[in-house]
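Here my numbering is used: position 100 in the sequence shown is 87, and no number is missing along the way.
Glycine is no exception: its CB is placed at the ideal position from the N, C-alpha and C atoms.
Keep in mind that this is a model prediction, so the values were computed, not measured.
Right, one structure below, let's go through it.
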Amino acid sequence: MTSAFYDLTVSHFLILAAALFMIGVAGVLLRRNAIIVMMSIELMLNAANITILAFSRGFAGEHRAAFQGQTFALIVIAIAAAEAAVGLAIVVTVFRSRRHSDIDRLTLLKN
């Protein structure tokens, strides 16, 4: 009774992380809606977390090193949550005053 999850290697996770990161980069570069850009940034941070956890799982010689990678990933998730909360508050405030969230049309924060 072999599970497909036991056959996964570090390279499988790195390919998944690279694909997610590229989707996030495309969303940041091609979209002009601030909320979609923020979601793309979150996708890139999740790809970085997958990379951290893959290396932690694959190259940890002892159990302590694996937990350090997981701890670092949890710190990144906490920082991403705080960034999302602050960013969403800014986007909502700008949307209420300007009635749009198009990044190219926002000149409120330039000066």
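- Under the Cβ criterion (8 Å, minimum of three pairs), the region 71 to 82 counts as touching the region 21 to 38.
- The alpha-carbon of Ala35 is positioned some 13 Å away from that of Ile66.
- Counting only the Cα atoms, Arg86 lies some 30 Å from Phe8.
- Restricting attention to alpha helix (DSSP H) runs no shorter than 4 residues, the region -10 to 53 encloses them at -3 to 17 and 21 to 46, ordered along the chain.
- Of the other Cβ atoms in all chains shown, 16 or more fall within 10 Å of the Cβ of Ile39; this residue is therefore buried.
- Here the alpha carbon of Ser43 sits roughly 8 Å from the alpha carbon of Phe54.
- In this structure, the alpha-carbon of Leu3 lies about 15 Å from that of Ala13.
- Check the Cα spacing between Val15 and each of Met31, Ala6 and Arg83: the tightest is with Met31.
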